[in-house]
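Take a look at the structure set out below.
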Amino acid sequence: MLKMKTCFHFVIMWYCMTNVMVPFMFKYAVDELNGLSGHMLNLSDAPNTVATMATAVLIGYGVSRAGSALFNELRNAVFGKVAQSSIRRIAKNVFLHLHSLDLGFHLSRQTGALSKAIDRGTRGISFVLSAIVFNLGPTALEMGLVSAILYYKCGVEFAAVTLGTLGAYTAFTIAVTQWRTRFRIEMNNADNEAGNAAIDSLLNYETVKYFNNEKYEAEKYDGYLKSYESSSLKTTYTLAMLNFGQSAIFSVGLTGIMVLASKGIMAGSMTVGDLVMVNDLVMVNGLLFQLSLPLNFLGTVYRETRQALIDMNTLFTLLSIDTKIKTDLAPSLSVTPQEATIRFEDVYFEYLEGQKVLEGVSFQVPAGKKVAIVGGSGSGKSTIMRMLFRFYEPQKGNIYIAGQNIRDVGLDSLRRAVGVVPQDAVLFHNTIFYNLQYGNINATPEEVYQVARLAGIHDAILRMPHGYDTQVGERGLKLSGGEKQRVAIARAILKNPPILLYDEATSSLDSITEENILNSMKGLVQNRTSVFIAHRLSTIVDADEIIVLNKGKIAERGDHHSLLATPGSLYADLWNTQNSKILNIKNSPVELQPERLSQKEEERKKLQEEIMNSVKGCGNCSC
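The opening position of the sequence shown corresponds to residue -5 in the working numbering, with each subsequent residue numbered one higher.
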């Protein structure tokens, strides 16, 4: 790295020096040619002509320009690796930081705005780095050299006009650019809103189609684009005003320099070459006749740097967000299947202040046992799952795995020890094989095929046109709900953790497939600590213990048979509601058929109410 820095500074220095040499070579050539009093140089009159001073300095002029171009390209080559490496590290750190943030942040984020902020921020970093190293630093050095040379060669008047022009130009650019910053912020906000609207609409493609709202979505998107257009036009108009002011300041400075140079020639204190040099000093390198180029370029760099800093500020704001789940220097969780006991100890939790989701919950899941958690929507079932995976921290109480408080262990080791099959299985836009192997990225193809067989999806995959290489589409939308759920089950099996959590793992499957998977699961959960969240009670009748939640508290607990035998139990009510048709057929006499039909209608109404309550709770963070 030290060699790289030394080499880079060396290249920058020589780049500036060769740029400053160019106008001097041109000055000497003009003076020599002017001194020939109109005599033509004849290059065929070897070696005398070639040896003339004019020819030599012309060759020097060409060499200086070639050298300037060479060192400029060397500068780009040396800096390219440094810049790209820095950008890559920053982008990776932002990505890792976003993944380290708690679930609360990700539930409230907007994907479109987040992706645009990251994209603009990384591009802003790239521009600022290149602007400082390639433009601001070298140009400032060249301007200093030019001012010193003008003072030494031409007098204090030239240096004063040059510095005055640079000062006025810089002050005007900074003032106007700072004023224009608010328009850039408005434009970014409008761009974020437009991106959010587009991504949200496209992700909900089917919902848009269901309600024939394509035109409505297009009009809504166009509204955001109009806001962006308005902000963009403001930046364009103010940019035109800025460019005109910069040109006017330069023109005044250039006129002053030309007047001073002309007076010097008339007084005999300067040559025509000096005038040409003065003109050439205002080139991209900061030397004067084409000073509009470097000055305008510096103005552009400043404007873009200000805009890039705004974009970078959004990116660094993301980095400044602190996660609520702290894992600094925490030891790893040490757990084996034989000791994977889960214990909740007087746990309280609320998403919103004053709205308790869990209240004094205490229970234990012995190692190797299967425990089911049931209850109505909003009773806190899914919250227990999220807290066990440490998406949230309890406000009061503790959670232990293998006797270790999960607050005091590293998140990485905790989540390696826990496998989850969520109710809503979301897949990556990749192949089925990729999504299956995601449970264990080091798994062999044969291991992937084996878990697919266990989850009952292997044969269905082979019937697809590309087999395991079939693309599943955005969020897995090319697969049916049951197929997505089976992929989720298979990759959780592939992870092979000591603890398995199932959040309605078979909710999207038909009864036959559900039965087949449940039979397969019996072997998988045997001697493995497992927690089932269930609405369909028939899936958890073999649980070692069933915990019934009601309004954030444990209302009942026991096995299936003991809970059914408890008069008036909530579990018995849930069971009877789900199995009311079978119970009526078994228990009702034939002669009471009219009453039985009436009872069926009443039970159907209760079942509908239960379904509606479940639908209302679907997606609620307190489920």
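Cβ atoms here follow ideal geometry from the backbone N, Cα and C, with glycine treated the same way.
All figures in this text were calculated on a predicted structure; none of them were measured in a lab.
Residues sharing a beta bridge with residue i, DSSP
i: Leu495; result: Val414 and Val525
i: Gly369; result: Leu543
i: Tyr342; result: Lys390
i: Phe357; result: Phe338
i: Glu550; result: Val542
i: Ile395; result: Ile336 and Gln398
i: Leu352; result: Phe343
i: Thr175; result: DSSP output for Thr175 lists no bridge partner at all.
i: Thr657; result: Beyond the ends of the chain as shown, which are -5 and 617, falls residue 657; an answer cannot be given.
i: Thr618; result: Limits of the chain in this structure are -5 at one end and 617 at the other, which puts residue 618 out of reach.
i: Lys364; result: Ser524
i: Thr425; result: Gln465
Residue from the options with nearest C-alpha to residue i
i: Thr156; options: Asn186, Tyr145 and Ala165; result: Tyr145
i: Leu248; options: Asn207, Tyr163, Glu213 and Gln172; result: Tyr163
i: Met235; options: Gly467, Thr167 and Ser556; result: Thr167
i: Phe385; options: Arg409, Gly362, Gly369 and Asn399; result: Arg409
i: Lys318; options: Ala85, Val359 and Gly98; result: Gly98
i: Gly475; options: Val542, Phe244 and Leu421; result: Leu421
i: Phe338; options: Ala437, Gly397 and Ala153; result: Gly397
i: Arg178; options: Tyr210, Tyr222, Lys214 and Tyr199; result: Tyr222
i: Glu187; options: Thr425, Phe121 and Ser109; result: Ser109
i: Ser314; options: Leu557, Ser556 and Ser94; result: Ser94
i: Thr116; options: Ala142, His91 and Gln78; result: Gln78
i: Phe343; options: Glu387, Asp305, Gly369 and Leu312; result: Glu387
i: Val466; options: Ala449, Asp316, His423 and Leu564; result: His423
i: Gly413; options: Asn434, Tyr443, Thr425 and Ile400; result: Asn434
i: Glu180; options: Arg401, Tyr443 and Leu227; result: Leu227
i: His460; options: Thr425, Val442, Thr438 and Leu448; result: Thr425
i: Gln240; options: Gly369, Leu64 and Ala165; result: Ala165
i: Gly158; options: Ser141, Trp173 and Ala169; result: Ser141
i: Thr533; options: Glu333, Glu508 and Leu139; result: Glu508
i: Gln572; options: Phe205, His529 and Ala261; result: His529
i: Gly354; options: Lys472, Arg83, Gln389 and Gly217; result: Gln389
i: Thr232; options: Ala169, Thr299, Asn182 and Ala261; result: Ala169
i: Arg83; options: Leu346, Ser120, Ser256 and Asp96; result: Ser120
i: Gly149; options: Leu473, Ser407, Pro439 and Lys257; result: Lys257
i: Thr438; options: Lys489, Gly470 and Arg469; result: Lys489
Cβ-Cβ distance between residue i and residue j below 8 angstroms
i: Gly118; j: Ala302; result: yes
i: Arg522; j: Pro492; result: yes
i: Leu327; j: Val341; result: no
i: Val329; j: Ala411; result: yes
i: Tyr496; j: Ile540; result: no
i: Ala192; j: Ser225; result: no
i: Glu477; j: Gln417; result: no
i: Leu309; j: Ala125; result: no
i: Leu531; j: Trp569; result: yes
i: Ile548; j: Phe357; result: yes
i: Ser373; j: Asn544; result: yes
i: Ile304; j: Thr171; result: no
i: Thr335; j: Ala366; result: no
i: Leu564; j: Val535; result: no
i: Glu213; j: Val202; result: no
i: Met306; j: Val122; result: yes
i: Leu254; j: His91; result: no
i: Ser524; j: Leu494; result: yes
i: Ala419; j: Gln349; result: no
Whole-angstrom C-beta distance between residue j and residue i, which should lie under 8 angstroms
i: Val519; j: Lys364; result: 6 angstroms
i: Ala537; j: His554; result: 7 angstroms
i: Ile251; j: Phe152; result: 7 angstroms
i: Val445; j: Ala324; result: At roughly 31 angstroms, the Cβ-Cβ gap does not stay under 8 angstroms, so Val445 and Ala324 are not in contact.
i: Ile506; j: Val481; result: In fact, because the Cβ distance is near 18 angstroms, the residues do not count as touching under 8 angstroms.
i: Tyr215; j: Ser245; result: Contact doesn't hold; Cβ gap of about 45 angstroms is too wide.
Residue i: CB within 7 angstroms of a non-hydrogen atom of the ligand GTP
i: Glu180; result: As for the ligand GTP, it is missing from this structure, which has no ligand bound.
- Any 3 or more C-beta pairs closer than 8 angstroms across the segment 444 to 456 and the segment 390 to 402: With the cut-off at 8 angstroms, the segment 444 to 456 and the segment 390 to 402 do not touch.
- Query: On the three-pair Cβ rule with 8 angstroms, is the segment 418 to 435 touching the segment 479 to 495?
  - Reply: Short answer: they touch.
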